[in-house]
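Residue numbers (our numbering), protein chains in the order written: chain A, 223 to 376; chain B, 124 to 909; chain C, 64 to 328. Even for Gly, the Cβ is constructed at its ideal location relative to N, Cα and C. Quick caveat, the model's predicted, so the values are computed rather than measured. Notes for the one structure printed next.
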Amino acid sequence: MRISLTVNGKQYSHDVEPRLSLAHYLREVLNLTGTHIGCDTSSCGACTITLNGDAVKSCTLLAVQADGCEIVTIEGMANGAELHPIQESFKENHGLQCGFCTPGMVMTASDILKNNPNPTEEEIRHGLEGNFCRCTGYHNIVKSIQQAAEKINQ
Amino acid sequence: MGSYIGKSVKRREDARFLKGEGKYTDDIKLPNMTHMAFVRSPYASANVLSVDTSEAEKAEGVVAVFTAEDGCGQYGVPCGWQVNFKNGETMREPQHPLLAKDKIRHVGEPVAIVIAETQALARDAAELVAVEYEELPAVTNPKEAMKDGAPKVHDQFPDNMAFDWCIGNDRAEVEAALEKAHHVTELEFINQRLAPNAIEPRSYIADYDVNGDKWTLYTSTQNPHLIRLLMCAFVLGIPEHKVRVVSYDVGGGFGSKIYHYTEEALVTWVSREIARPVKWTADRSEAFLMDAHGRDHVVKSKMGFDKEGHIVAHLTDEYCSMGAYLSTFAPAIPTYLHGTLFQGLYKTPLIHLNVVAPFTHTVPVDAYRGAGRPEATYLIERLVSKGAKEMGMDPAEIRFKNFIEPFDGVNQPGYQTQVALQYDSGNYAPALEKALDAIGYKDFRKEQAEARKNGKLLGLGISTWIEGCGIAPSAVVGALGARAGLYEVGHVRVQPTGKVSVYTGTHSHGQGHETAFAQFVADRLGIPMDDVEIIHGDTEQVAFGMGTYGSRSLSVGGSAIVKSIEKVLEKGAKIAAHKLEASVEDLEYAGGKWTVKGTDKSISFGDVSLTAYVPHDYPQGLEPGLDFSSFYDPANFTFPFGAHLAIVEVDQDTGKVDLKRFVTCDDVGNIINPMIVDGQIHGGVVQGIGQALLEEVVFDESGQMITGSYMDYAMPRADDLPMIETHNTVTPCPHNPLGVKGAGEAGAIGSTPAVVNAVVDALWHLGVRDIQMPLTPQRVWKAMQQ
Amino acid sequence: MIPAKFDYIKVSSINEAVDLVDKHGFDAKILAGGHSLIPAMKLRLNTPSILIDISGIEGMNEIKESGDEIIVGANCTHKQIMSSDLVKNQLNILAQTAATIGDVQVRNRGTIGGSLAHSDPSADYPATVLACDAKIEVTSKNGSRTIDAEDFFQGIFTTALEDDEIITAVRFPKVKDGNYQKFYQSASRFAVVGVAVVKDGNGVKVGITGVADTPYRAKAVEKAYDGSTDAATHAVDGVDVMSDHFADSEYRAHLAKVMVKKALA
């Protein structure tokens, strides 16, 4: 089936099998391997991207469902060498260790801050309930998002 | 210069991860690559009656189908540690086949593999392999496995026992002391089985080069060289020098990616059979079924105290599951990484631990963050807190009373434990004092009483911990049964321009070696960090190495690098002396240059480096080049320690535990990068909290894992947790050049008993003395009802 | 995990959808947000040969006010429902319920119609749909009908939907005084117990999910309700309480009473 979609501002068109997940489409067809797959049950959030501005789990979406949509992946967050304020805050606050959950965390953080530019610690923690991190204990991820909010609001 | 050590330098690895440009194994795509899918047993225990691959072979896109009949890895996967029976008898060691032939011993055990052009087609075809099984009874609990008539895991070992081992003082002596003790506290519980759950599932790609008769194996492992050695020498019988093992970015390990897994050997074997690259990446469901689990001890403990609260004796009996086969380090975990920590931080004069290690119809158990040491700490710290409360003593006070006196390992000797090891240095009271101050311990009891009046159940739990890490002196572990040395390799290659490439045999999968190692290398050489690059994870670049686990990277791997730096500086001094027309003795090295003492005559590191590679005006008889590799074998383990405190509130109606605060004061020796150390503590603490409150692998009667996905296996999420308040003290390690001890496992070792002690403290007045982990709302509520 | 092969058709009208359902029968599955269906297909527990994507049908993702009712299109996402001013003002219990489902990402995609059709015994909406006496609008080739909430839920993953019927909307009465209370299963974050209470003058309607294999109206509680929370003790009267490793039937029954009490307070 033919699909056309925009990923990180670029237009793509491909023939895909209906069973191809959006996560696999991004990874295997577009070679955007920053979107990771960590589970089978829509639980871990490593595959989070934004679809028409909303954070979604790309492992639980078929590529065909994204036909005509506007997608941003982790690769689309930085502006060239200049990191997005969320990415920058993750670096400054040691909000990542092995880096595997990080793309999903950053994309979810973008949704949290879009809907709530001044979140409390509790709201950030609640907003991250769909993302597992096994390395950081979330402590520095929460701090990173707190600082990102400040940076974006400046 | 000391301009980097001790600073929270931001990590250089972050940029690639934050931009989605990390290079994890599953991100690699090779030309002409095929994909592997497994046919796995749905039963825990069964006879395989027949395997029919004919339909699968005909399916779309299928390249090949293999079963055990095809002769892959006929020797099976080896075990790397031999623990003998206490009577001297040799450990029972079953073969661990790559593909099951006649018999199934745990759910998920592979029976066949399908290779196809795409991942989807491989899976489609795997469904067409018809396997006929005869289901047999299974046993999953290690204590049950030891009962007469229990289902047999391996027919040749009818009693299911891998070994029966003990450590410490004479049992009769310990028992006699317990008889005479003023008070004896007892605990019986299960230190439950955990699934490590690194968020990156294991992934392997093998690429066979027909012309060179060579392989490249890309693998998500914590120790590429060890995998190469085990796989080449023991599993496949292929020449080691023909195999390159590459482990670029790895998405967390926590122990589960130490071991040599059957799938690694299978892709390597298949790649030559079909002369094409083969990839396999685990699903989370496969990870639950196949990644080695942790813990799984059935424990019975007694601790005796005198009138004043001094511990007089400690006796523990355990059944510790090995699972269906012996994984790489499995036998060492409940023995030498567990029993050797039974001294804790206390002067306990008499200790005895007996471990019976059975096989069960479950996936193998091996090291998971802390590996044996969390289990030791959990039972000791639960016993101490419970004993104190039973005797009406303050649980902090009883700890101060029993702590080993301070010793720095230089002016005072190390502390000889009752359980084989000698602690390097320790000063335990200040860590606990600092943590108690931070949490406001003095005021807490008032607050607790106040809260109780308002129907709120508050509790505070204390745990102190010690661990033996920096694994490990080869001769010591060799004597204890390790089939490998546990030294490390550090290679410092100074380039002609004075830039430095450092090759380490350790492996970073989140620990930030690229940054922290560069910090101390730059400081030691007095050059900018930007001039130092750290390289790891490739057997063709790094000479050798034992990998990363057991909080060993900095203390062992870092020390190997320091050794090479010293050699660089020693040779550099000769070149500098020649250029400065002075004697080596008259030179001092600081700030990246050699200076003739008392003069302003100097030569920079860069100039000396260039001279080493352009040796025109050069000391006679000295080899050109500035390139040194060193093996460092530590003199001892390192023994970090600390105190962890938790405050919880228990919901009276539902039994739900709300973790309000968590305070740590850890002593991991000298600290290179405080930001990274704190991060390690945070993560470890939360894994330990996960064990205390949420995590548990559960099997049903037939051996099915009923917690085989994230829908049923609960792990900590961001909103289950408070901020982790970290503090530290510094007691340097006396026997390695950096004075460092290790921080990777610390958090997971100390936190679990702190949380459980806090919950029991909250409910003590209701008569609750112990609750089985994880402390689910159901378990806590039921404990409150009794 | 990769689903077995299937065909995919995205329809633009409900008529097109029901025609296809009629044509393919059992082999077809309706795809809305996909957050129940796709995970099941990845595990190959569900292997439809054709997916009919209804997410593009105009009008099915709207929330409207109609007299005393709020009509929620079946394709409305949980996010849309929890953040709709109309729902928050006139039917806050539904917004409250939607906000407890899954996580940010799941709420951005999952739909009310999909959740109800899937009918997981631990899903959140059923409690609220029951307590509100909502009506489920369904359409098939033979026309449309309305199913009362109480008739809709029939067992684990089983509803009153005929094989050829598609949920198009859920009609809720406006509710001033409603309350949804959930006790989370710690791994999946589904409801171990979810209780929805709607108070109306002197009476109360109580919907409970997660406790039995079918969500139910706690009639015994409603009958015993005297304005206090005492009636909560009747939460599981006559109910066969489910058991799993997170909550056996004894604890789950206790939790049901606790959560009913909270919801009544």
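If you draw a straight line from the Cα of K275/B to the Cα of K380/B, it comes to about 29 Å. Using a Cβ-Cβ cut-off of 7 Å, D406/B is close to M64 of chain C, given in chain order. In this structure, DSSP gives Y188/C a helical state, which the three-state scheme calls helix. Annotation: F235/C has no Cβ neighbours in chain B at a cutoff of 9 Å; minimum Cβ distance is about 29 Å.
If the five residues before and after A331/A are omitted, its C-beta is found closer than 7 Å to the C-beta atoms of I308, I367 and A370, all from its own chain and listed in chain order. Straight across, the Cα-Cα distance linking T272/A with G96/C is about 15 Å.
Among the bridge pairs identified by DSSP, G510/B is matched with none. Counting only the Cα atoms, R347/A lies some 7 Å from V364/A. Not a single CB atom of chain B sits nearer than 9 Å to the CB of P307/A.
Here S706/B has A700 as same chain residues with Cβ atoms under 8 Å from its own Cβ, once five neighbours each way along the sequence are excluded.
The beta-carbon separation of Y755/B and S682/B, rounded to 4 Å, stays under the 8 Å limit for a contact. Look at the region 163–180 of chain C: the residues with a C-beta under 8 Å from a C-beta of chain A are G165, D166, V167, Q168, V169, N171 and R172.
An exposed status is given to E663/B, since fewer than 16 other beta-carbon atoms sit within 10 Å of its beta-carbon. Taking 9 Å as the cut-off, the Cβ atoms of A167/B and H484/B count as close.
Think of a sphere of 7 Å around the beta carbon of L106/C: the chain A residues whose beta carbon falls inside it are D262, in chain order.
With a contact defined as Cβ atoms closer than 8 Å, G427/B and A300/B qualify at about 6 Å. Check the Cα spacing between G211/B and each of G604/B, Y610/B and R325/B: the tightest is with G604/B. According to the DSSP assignment, H158/B belongs to the beta strand (DSSP E) that extends over T157 to R163. Assigned with DSSP and collapsed to three states, V882/B falls in helix. Using beta-carbon distances, K68/C counts as an interface residue toward chain B, with a partner under 9 Å. For M652/B, not one C-beta of chain C is nearer than 9 Å to its own C-beta.
Leaving aside the five residues that flank L580/B on each side, the residues in its chain whose CB is nearer than 7 Å to its CB run, in chain order, E772, V773, Q775, A885 and L886.
Its chain contains L301, V307, E309 and L438 as the residues whose beta carbon lies nearer than 6 Å to that of K425/B, once the 5 sequence neighbours on both sides are disregarded; these appear in chain order.
D531/B places its beta carbon 9 Å or farther from that of T852/B. In this structure the region 338–345 of chain A does not touch the region 296–311 of chain A; the number of beta carbon pairs closer than 8 Å is below three. For the region 239–265 of chain A, the beta-carbon criterion of a distance under 8 Å to any beta-carbon of chain C is satisfied by E239, P240, R241, S243, H246, D262, T263, S264 and S265. Contact between the region 642–652 of chain B and the region 365–376 of chain B is absent: fewer than three C-beta pairs spanning the two stretches fall below 8 Å.
The beta-carbon distance between F69/C and L114/C, rounded to whole angstroms, is 6 Å. This is short enough to meet the 8 Å contact definition.
Look at K905/B here: in three-state DSSP terms it is helix. Using beta-carbon distances, W904/B counts as an interface residue toward chain C, with a partner under 9 Å.
Counting the other Cβ atoms within 10 Å of the Cβ of K73/C gives 16 or more, which makes it buried. Contact between Y71/C and V251/A fails: their C-beta atoms lie close to 17 Å from each other, not under 8 Å. Under the three-state reduction of DSSP, M846/B is assigned to coil, being neither helix nor strand.
Listed along chain B, the residues sitting closer than 7 Å to V321/C by beta-carbon distance are D776 and T777.
In the structure shown, L460/B falls within a coil segment according to DSSP collapsed to helix, strand and coil. Within the region 284–317 of chain C, contact with chain B at the beta-carbon level (separation under 9 Å) is assigned to D307, H308, F309, A310, D311, E313, Y314, R315 and H317.
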